[in-house]
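Keeping their order, the protein sequence lines are chains P and S.
According to my numbering, the first sequence is numbered sequentially starting from 1.
According to my numbering, the second sequence is numbered sequentially starting from 1001.
Okay, structure first, notes after.
There are 2 protein chains.
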Amino acid sequence: MKLGLLGCGTVGGALARLLESQRETIAARTGVHLVITRIAVRDTGKSRDVAVAADVFTTDTMSVVEDPDVDVVVELMGGVDLARDFVGRALALGKPVITGNKALLAAHGAELYAAADAAGVDLLFEAAVAGGIPLMRPLRESLVAEPVTRVMGIINGTTNYILTKMTEEGASYEDALAEAQALGYAEADPTADVEGYDAGAKAAIIATIVYGAVVAHDEVHHEGISSITADDIDVARRLGYTIKAIAVVEGGESEADTSVAVRVHPALVPLDHPLASVRDSFNAIFIEGDAVGDLMFYGRGAGGGPTASAVLGDVIDAAVNLTRGTSARIGSLVTAAVRPVEASSSAYYLRVAVIDRPGVLARVADVFGRHEVSISSMEQHGLGDEAVLMFITHVSSEAAVRATLDELRGLDIVTDIHSVIRVVGEA
Amino acid sequence: MKLGLLGCGTVGGALARLLESQRETIAARTGVHLVITRIAVRDTGKSRDVAVAADVFTTDTMSVVEDPDVDVVVELMGGVDLARDFVGRALALGKPVITGNKALLAAHGAELYAAADAAGVDLLFEAAVAGGIPLMRPLRESLVAEPVTRVMGIINGTTNYILTKMTEEGASYEDALAEAQALGYAEADPTADVEGYDAGAKAAIIATIVYGAVVAHDEVHHEGISSITADDIDVARRLGYTIKAIAVVEGGESEADTSVAVRVHPALVPLDHPLASVRDSFNAIFIEGDAVGDLMFYGRGAGGGPTASAVLGDVIDAAVNLTRGTSARIGSLVTAAVRPVEASSSAYYLRVAVIDRPGVLARVADVFGRHEVSISSMEQHGLGDEAVLMFITHVSSEAAVRATLDELRGLDIVTDIHSVIRVVGEA
């Protein structure tokens, strides 16, 4: 089975080495003998630690896709427009494609899934969400019949690393970000990670796999972590929570409802919830199902080795399917209604600065009550003339919480609303 | 696609209901329409909350297996000898079999896998290990090429529940066991759970799937949790660990070494290790791979809903494969050499009672040193004339630790060796 690689950076190199070391095992276990016959790169002169003949490399990417000596195409080049052309062409030629390109799938997934279905070949993308964690296959196959009600994921390693440093070392957001940048976990411009766009693209893919829902990238509600302070983390810890950047994907609110909700935001997670123990740059996906109960998949969301592991699993799957003349089931997709975040419900943590005088708490509590936002726990800390009130609410509608905040902001006794953070994962 | 169920207890009933509620979804996503046509039970007169016609039930189990109106056989009856006959007959007839029967696989797995391979049909058993957690499929498929070095699992919910109660509520082993029995988590005779036989059977299946190694049940080294005391848990917590019942499966010690190690024992787990946060009756499997790094799969290891979810995933897989004329890859198995526990290495926690007099620590430390057991941390607590010494060792050979303990027991200053527990999961 002959493989053509588009791109040979960190992941491509790791894939070539892993394939080399595991070739005999793969052949023994699956009957498939895998060989890399063509690799498209930008610079054929660059030295690479990859055990293939020099004439395997070319700068002509389309020639790799179209080479009759390539049975399976592995797209590791990144980017959207060119990748779309190459992947589309490969599928049209009846060649299975493996990709880890979440931006490509978020932008053109529906078109490419349809092309793969029409051609009857595999388009596999285990590496696109949560790196090395086997997630797409269990969701697509093991859980295809599971009534999944909600998926909550820590699917951006950069933000989890930053929040872990802030939590465990008391670092400020700025210092933790700088450290993540120094280690190469965060880009010079960290916007895609810290504002939730990267996690949003992955969440949209999860919505497609779990609910068959095509979700456009701009339909995902994003809130970043840059406003989280060391104070928030301290208070959360004292109340029994840690703060994580979470992607939430929810199905319909009834059996007949095919709409989905997809949002990315920081959240307080109870310390005894499995997601709370996911540290550093690790990823984890927590799944709530009516039959199966709670599941979690944990592992490395990025890096050459983990990503190559996911890609190789897909390559073997596609190769075996190709020898059998079958392909993975993508199933029918629908352009789903995405519920606006205003229609969602959540518990909330709110930190409100007030003037410290008699009757203030009663007036604030009255605002919550009139908007039917029920309070689960409350703490007050005096600070001279001021006091800070901390509330955790029961699950309330977003609209009611927003109306409560609007009214609080208008009160003469309220000097500031420091923090408004959702709470997830309560028993 | 017509299903025949052997057995209709908690799991069978949950499966029938889940199938009923998800039939349309399954048909839409996979193109397969699933119907239960025959169910073998002991008592056809018993009332069951299952929406099938009364004439679907029979007491003649073999008639279900052999019925031409049954395409896929789902074995949920339990037991070994009869189940082996029925499963063997179904495979011989070219019918895929789904089973969650770990005792059957532990006793006759090699024979049944070979029968399935010879017939070219599926024998799937996702539910046999870790209940509802998708584990077998990711291991067999996603990770088929991953160089897995070690698998560590909390795969017995009963012992995890008991240890959680002891840890979080300070309960004694006896009280926690009684509570587990009252809740139905533990049997009246809890031996299979608390002495590690249940986990051992599952660990043997994991060894087969990960390493292609056929491991007989009696080749698994078992140590139970009944000797763990509240004191051990307290001390462990203070040193930064929690105590869990762990199944360990390790591959060869070099690339050419095809032997495996399989053992079940209590172990100290660092509090920041993902396995440490697995509470109550939940299960989790932690996988260490050379390429993918650390992975963990978490969820419900038992119960009607979770088990039915796993079985249904397998049923759909088998049904889809049957329509395509393919079957899952089992791969070639080898009767592996199982390394004796004496050949293993581990870090250890040791609690040694000594007479409190000058020079005692030096004499005890000297014994460790002469056997080349290196000490990672040590604490001493005085208790009048006696003192208790607590050691955590670096990774040492089992033989060296045993020799150290033998010599310590012979010293006049050592009054007792309270605890000898392995330590796993250190960074």
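Heads up, the beta-carbon is just placed ideally off N, CA and C, and yes, glycines get one too.
Residue i in three-state terms, based on DSSP
{"i": "residue 1126 of chain S", "result": "helix"}
{"i": "residue 325 of chain P", "result": "coil"}
{"i": "residue 1064 of chain S", "result": "helix"}
{"i": "residue 1155 of chain S", "result": "coil"}
{"i": "residue 1381 of chain S", "result": "strand"}
{"i": "residue 33 of chain P", "result": "coil"}
{"i": "residue 349 of chain P", "result": "strand"}
{"i": "residue 1056 of chain S", "result": "helix"}
{"i": "residue 1217 of chain S", "result": "helix"}
{"i": "residue 1121 of chain S", "result": "coil"}
{"i": "residue 1133 of chain S", "result": "coil"}
{"i": "residue 202 of chain P", "result": "helix"}
{"i": "residue 193 of chain P", "result": "helix"}
{"i": "residue 1395 of chain S", "result": "coil"}
{"i": "residue 1270 of chain S", "result": "strand"}
{"i": "residue 77 of chain P", "result": "coil"}
{"i": "residue 187 of chain P", "result": "coil"}
{"i": "residue 42 of chain P", "result": "coil"}
{"i": "residue 1166 of chain S", "result": "helix"}
Short Cβ contact (8 Å threshold) for residue i with residue j
{"i": "residue 309 of chain P", "j": "residue 1146 of chain S", "result": "yes"}
{"i": "residue 215 of chain P", "j": "residue 338 of chain P", "result": "yes"}
{"i": "residue 212 of chain P", "j": "residue 121 of chain P", "result": "no"}
{"i": "residue 386 of chain P", "j": "residue 415 of chain P", "result": "yes"}
{"i": "residue 999 of chain S", "j": "residue 1311 of chain S", "result": "Beyond the ends of chain S as shown, which are 1001 and 1427, falls residue 999 of chain S; an answer cannot be given."}
{"i": "residue 1322 of chain S", "j": "residue 1096 of chain S", "result": "yes"}
{"i": "residue 398 of chain P", "j": "residue 345 of chain P", "result": "yes"}
{"i": "residue 1112 of chain S", "j": "residue 1009 of chain S", "result": "no"}
{"i": "residue 1204 of chain S", "j": "residue 1198 of chain S", "result": "no"}
{"i": "residue 1114 of chain S", "j": "residue 1092 of chain S", "result": "no"}
{"i": "residue 1026 of chain S", "j": "residue 1035 of chain S", "result": "no"}
{"i": "residue 153 of chain P", "j": "residue 285 of chain P", "result": "yes"}
{"i": "residue 42 of chain P", "j": "residue 59 of chain P", "result": "yes"}
Cβ distance (whole Å) where residue i is taken to contact residue j below 8 Å
{"i": "residue 1155 of chain S", "j": "residue 1130 of chain S", "result": "6 Å"}
{"i": "residue 1100 of chain S", "j": "residue 1083 of chain S", "result": "Residue 1100 of chain S to residue 1083 of chain S, Cβ: 11 Å. No contact."}
{"i": "residue 1376 of chain S", "j": "residue 1396 of chain S", "result": "Not confirmed; about 10 Å, so no contact."}
{"i": "residue 1133 of chain S", "j": "residue 1298 of chain S", "result": "7 Å"}
{"i": "residue 1087 of chain S", "j": "residue 1037 of chain S", "result": "Not quite, the Cβ-Cβ distance comes to about 18 Å (not below 8 Å), so this is no contact."}
{"i": "residue 305 of chain P", "j": "residue 40 of chain P", "result": "Contact doesn't hold; Cβ gap of about 22 Å is too wide."}
{"i": "residue 1064 of chain S", "j": "residue 1123 of chain S", "result": "In fact, because the Cβ distance is near 17 Å, the residues do not count as touching under 8 Å."}
{"i": "residue 1139 of chain S", "j": "residue 1220 of chain S", "result": "The Cβ separation is near 18 Å, so there is no contact."}
{"i": "residue 142 of chain P", "j": "residue 1023 of chain S", "result": "Wrong, their Cβ atoms sit about 18 Å apart, outside the cutoff."}
{"i": "residue 1427 of chain S", "j": "residue 1072 of chain S", "result": "Residue 1427 of chain S to residue 1072 of chain S, Cβ: 46 Å. No contact."}
Beta-carbon contacts of residue i that lie in its chain and below 6 Å, excluding the five residues immediately before and after
{"i": "residue 80 of chain P", "result": "103, 104, 107"}
{"i": "residue 196 of chain P", "result": "222, 224, 264"}
{"i": "residue 292 of chain P", "result": "146"}
{"i": "residue 150 of chain P", "result": "250, 288"}
{"i": "residue 1207 of chain S", "result": "1213, 1215, 1249, 1260, 1262"}
{"i": "residue 1233 of chain S", "result": "1166, 1167, 1243"}
{"i": "residue 425 of chain P", "result": "269, 270, 273"}
{"i": "residue 1018 of chain S", "result": "1308, 1312"}
Cβ shell of residue i (< 7 Å), same chain only, five flanking positions each side left out
{"i": "residue 271 of chain P", "result": "240, 241, 242"}
{"i": "residue 1185 of chain S", "result": "1157, 1158, 1161, 1281"}
{"i": "residue 1201 of chain S", "result": "1102, 1103, 1106, 1217"}
{"i": "residue 1405 of chain S", "result": "1417, 1420"}
Contacts of residue i in chain B (Cβ-Cβ under 7 Å)
{"i": "residue 312 of chain P", "result": "No chain B is present in this structure, whose protein chains are P and S."}
Cut-off 8 Å between Cβ atoms - residues of its own chain near residue i, not counting five sequence neighbours on either side
{"i": "residue 1364 of chain S", "result": "1352, 1354, 1389, 1408, 1411, 1413, 1414"}
{"i": "residue 384 of chain P", "result": "356"}
{"i": "residue 1190 of chain S", "result": "1158, 1177, 1180, 1181"}
Residue i CB to nearest heavy atom of the ligand PLP below 7 Å
{"i": "residue 1276 of chain S", "result": "The ligand content of the structure shown is nil, which means the ligand PLP is not present either."}
Which residues, in order along the segment 1126 to 1146 of chain S, keep a beta-carbon less than 8 Å from a beta-carbon of chain P?
Of all residues in the segment 1126 to 1146 of chain S, those with a C-beta nearer than 8 Å to a C-beta of chain P are 1126, 1132, 1133, 1134, 1137, 1138, 1141, 1142, 1143, 1144, 1145, 1146, reading in chain order.
Exercise. Could you please tell me which residues of the segment 1281 to 1296 of chain S, in chain order, have their CB closer than 7 Å to any CB of chain P?
Key: 1289, 1291, 1292, 1293, 1294, 1295, 1296
Check your understanding: Taking any Cβ of chain S, which residues in the segment 295 to 309 of chain P have a Cβ under 8 Å from it, in chain order?
Key -> So the list reads 295, 296, 297, 298, 299, 300, 303, 305, 306, 308, 309, given in the order they occur along the chain.
- prompt: Using Cβ-Cβ distances below 7 Å, what residues of the segment 22 to 46 of chain P are close to chain S?
  reply: 22, 25, 26, 28, 29, 30
| request: Give, in chain order, every residue of the segment 93 to 110 of chain P whose Cβ lies closer than 9 Å to some Cβ of chain S. | output: So nothing in the stretch comes that close.
Using a Cβ-Cβ cut-off of less than 8 Å, list which residues of the segment 1062 to 1082 of chain S approach chain P; keep chain order. none
message: Against chain S, which members of the segment 313 to 326 of chain P pass a CB distance test of less than 9 Å?
response: 313, 314, 315, 316, 317, 320, 321, 324, 325, 326
Interfacial residues, the segment 1180 to 1213 of chain S to chain P, with Cβ spacing under 9 Å: 1212
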